Each structure stands twice: as structure tokens, then as C-alpha cells.
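In the working numbering, the protein residues as written are 7 to 126.
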């Protein structure tokens with residue numbers, strides 16, 4: 007079982023064990039919502055992800071896009087987009103053991119901050 011949650015531990019989730027792709031997203035929306043130069047996502051089939059306690063708050067971040075976050079500590083940890091409703095993107099930084107999922111892909115590199123090139 008892969009587990010994670012928010013900073014204050016109010017919201018917790020579980021992901022079925024498996025092999026998943028981790029990707030660094032450089033889009034401006036992810037950067038602004040996470041206040042970070044990019045966000046590393048674990049791409050998970052929607053049916054393999056579940057909340058194990060309290061449910062999070064939901065932000066409609068774009069037409070067809072929602073992001074879940076903790077209403078207490080404001081940790082954002084998921085993104086779902088209508089263009090691929092069969093998967094959920096889980097912020098790797100919210101995993102209990104993020105070191106297990108090294109990103110192998112960069113997406114939205116057209117909006118990548120130039121000073122992040124060559125960090126890996």
C-alpha cells in the first residue's frame with residue numbers, strides 16, 4: 007500500500023501497490039497553485055486511489071479540472087482533468103515515501119522556468 011496525505015495529517019489517502027509513472031509538470035497552473043517551480047505528480051489509475059478518512063475540499067481550477075486540498079493546512083495533493091478522467095495525478099510531495107517514485111518525464115516544458123533546466 008502506498009500512503010500519503012496533507013501536512014497536518016487531517017486528510018489521508020491510499021494507493022494500491024503498483025508501478026506508476028512520475029512526471030514533473032512545468033505548467034503555470036501547477037506552479038502557481040503549489041507555489042513551486044514545478045510539481046512532481048504520480049500518475050495513478052483513478053480506481054486505485056482512495057481517501058481513507060476525512061474528505062478534502064475541492065477547487066475547480068480550470069474548465070474540466072479539479073484539485074483536492076486540505077481545508078486546514080492548504081496542502082494540495084490531487085489533480086483530476088476531464089481530458090483523462092480515468093487517472094488521478096497525486097502530488098509526489100504528499101506521499102509518505104516520495105523517494106520511491108523518481109520522475110522520468112517532464113511535461114509542459116514550453117512553460118518551464120529556464121533556471122530549472124539541468125536540475126536532475
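Ideal placement from N, C-alpha and C gives every residue a C-beta, glycine not left out. The structure displayed is predicted, hence computed values, not measured ones.
- Beyond the five residues adjoining it in sequence on each side, residue 119 comes within less than 6 Å, by CB distance, of 43 in the same chain, given in chain order.
- For the 9 Å CB-CB criterion, residue 111 and residue 29 form a contact.
- DSSP places residue 102 outside both helix and strand once states are collapsed to three, so it counts as coil.
- One thing to note: residue 97 has its Cβ within 9 Å of the Cβ of residue 84.
- Pairing residue 64 with residue 21 gives a Cβ-Cβ distance that is not under 9 Å.
- In the structure shown, the three-state DSSP call for residue 122 is helix.
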